[in-house]
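In case it helps, our numbering puts the sequence shown at residues 1 to 465. The beta-carbon is built from N, C-alpha and C at its ideal position, and this holds for glycine as well. The structure presented is a predicted model; accordingly, all values stated were derived computationally and were not measured. Here is the structure we will look at, set down as structure tokens.
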Amino acid sequence: MTANPEILSTPSSQAARTTQSQALFARAQAVTPGGVNSPVRAFRSVGGTPRFIARANGAILTDADGNDYIDHIGSWGPMILGHNLPAVREAVIEALAGGTSFGAPGEREVLLGEAVTRITGVDRVRFVNSGTEATMSALRLARGFTGRKYILKFRGNYHGHADGLLVEAGSGLMTDAVADGGQLNRQGLGQAAPSSAGVPEEYAALTLVSEYNDPAALDALMTARGHEIAAVIFEPVVGNAGVLIPNPEFLDALHRVQAAGVLLIADEVMTGFRLSLRGATGLLGLRPDLTCWGKIIGGGLPVGAYGGRAEVMNFVSPQGPVYQAGTLSGNPLAMAAGLAMLGALEADPGVYERLNTYTAQLAEGLKAGASAAGVPISVNQIGSMLTAFHSSAPHGSIRTYTDAARSDTAAFAGWFQGMLARGIYWAPSQFESIFVSAAHTDAHLNATLEAAAQAYAALTVRGEQ
Ligand SMILES: Cc1ncc(COP(=O)(O)O)c(C=O)c1O
């Protein structure tokens, strides 16, 4: 079903329509911690009941009560061409007829491997089942290849939930940390406490932390500890502290990391195939030693991947000594979906420019709506990723975790609820990117901007939220 944004509901009618979501949320909480299978979905930082989604098509999500929303999350990135893409659906149905899992290699894995190496320029790729598995495996590989123990990451970057990466992590952890007063415990040069209970300090001690977009801090840490560091892992454009765009000086410092013999691992789980066919690193002129993918590479099915130079990748088992395995890795349905998705993207070379134009218009419209209402926001946008921070910092000037963490999260929560009530599904945290898809039309843009302007105006009227 394609919804007409002109007929999206008004706030008063929406309020009465959450019954099924509320009932499902109550049942879910009885069987699943917090009622969700991934924390940010629970709406904790914005309040209210998460919408339980029954189906999705194009740019529209339909909840269990039959309400339509213009979706700006796109399943947190994979749906770059819109939900329920016919090419992906048909490929999955075709694969399904041949069985759902073999536990043995198949042709689709070869085809997707060939597509990924050809498009991205890596020599070798290994498929896994999630972004978390990709980054976790890439780090083990980096340690195995270099024989070094330490890794370095940046504050507010999120790389999935492997133990050693839950240190000053972004995404849901940043949302919680800022809500708790942002008291992150630093313990000495580059050292930091775990962001999650259950991560032993001994594990966290092997993860050094530096500030994103601070080349001097990175250089200092490299001078002091570079000889012990196996890899620097980073989001080439950050989505998980809200959108943060790297400074040229920071990119130079990343080049110096590589020149010093430390492996550079680009986490392109969010940005891969989204900011360009060659991801953010393709746009930024970086040539990482290893790259991690997820989301789009699986066309909406559970897939992750890591790849890089043959010399490094050949360390992976069974060719090399670094063990990594997966019962469902290379799953035929997931491979079929990924192949269809990459095929559709390659067949439409103008898609990235259209996504960028749409998202830039969205950014300008949000700025205008907020400014008319006297609400300070600071917009970061690149390609089809955007965050509107509730902050009086000039547009584009939010560059670090610390800058982002100063945002007014209460104002964001009020605006988020105003958007939801007007049928606009936005990321339910100030510290996330939104994701635009090629299924978003001018009608969706106009409806979104009208709702945004009203929601900004409502923020300044006491009691209206
Ligand atoms: C940059 C980045 N890396 C890794 C991950 C983890 O991926 P997954 O949720 O598939 O485990 C995410 C998830 O959002 C991510 O944004």
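Residue j and residue i - do their beta-carbons sit closer together than 8 Å?
| i | j | result |
| --- | --- | --- |
| residue 237 | residue 280 | yes |
| residue 329 | residue 127 | yes |
| residue 159 | residue 135 | yes |
| residue 221 | residue 208 | yes |
| residue 36 | residue 28 | yes |
| residue 433 | residue 427 | yes |
| residue 304 | residue 269 | yes |
| residue 46 | residue 413 | yes |
| residue 67 | residue 83 | no |
| residue 419 | residue 108 | no |
| residue 396 | residue 359 | no |
| residue 288 | residue 264 | yes |
| residue 266 | residue 150 | no |
When DSSP builds the beta bridges, which residues end up paired with residue i?
| i | result |
| --- | --- |
| residue 424 | 70 |
| residue 293 | 305 |
| residue 150 | 229 |
| residue 242 | 240 |
| residue 210 | 154 |
| residue 63 | 53 |
| residue 316 | 322 |
| residue 378 | 389 |
What is the C-beta distance between residue i and residue j, in whole angstroms, given that I count them as a contact (C-beta under 8 Å)?
| i | j | result |
| --- | --- | --- |
| residue 218 | residue 404 | That pair is no contact at about 18 Å. |
| residue 194 | residue 232 | Contact doesn't hold; Cβ gap of about 19 Å is too wide. |
| residue 130 | residue 324 | Rounded, the Cβ-Cβ distance is 13 Å, inconsistent with contact. |
| residue 388 | residue 377 | 5 Å |
| residue 452 | residue 366 | 6 Å |
From residue i to residue j, what distance separates their C-alpha atoms?
| i | j | result |
| --- | --- | --- |
| residue 278 | residue 338 | 15 Å |
| residue 74 | residue 436 | 7 Å |
| residue 454 | residue 197 | 40 Å |
| residue 390 | residue 357 | 23 Å |
| residue 460 | residue 409 | 15 Å |
| residue 70 | residue 430 | 18 Å |
| residue 252 | residue 26 | 50 Å |
| residue 192 | residue 204 | 7 Å |
| residue 143 | residue 228 | 10 Å |
| residue 312 | residue 141 | 8 Å |
| residue 416 | residue 213 | 28 Å |
| residue 50 | residue 449 | 22 Å |
| residue 20 | residue 200 | 40 Å |
| residue 184 | residue 77 | A caution first: residue 184 carries a pLDDT of 43, below 50, which makes its placement in the model too unreliable to give a value. |
| residue 458 | residue 55 | 30 Å |
With a threshold of 7 Å (Cβ to nearest heavy atom), would residue i be considered close to ligand 1?
| i | result |
| --- | --- |
| residue 130 | yes |
| residue 304 | yes |
| residue 456 | no |
| residue 135 | yes |
| residue 269 | yes |
| residue 492 | Here the chain has residues from 1 to 465 only, and residue 492 is not among them. |
| residue 159 | yes |
| residue 107 | no |
| residue 171 | yes |
| residue 240 | yes |
| residue 294 | yes |
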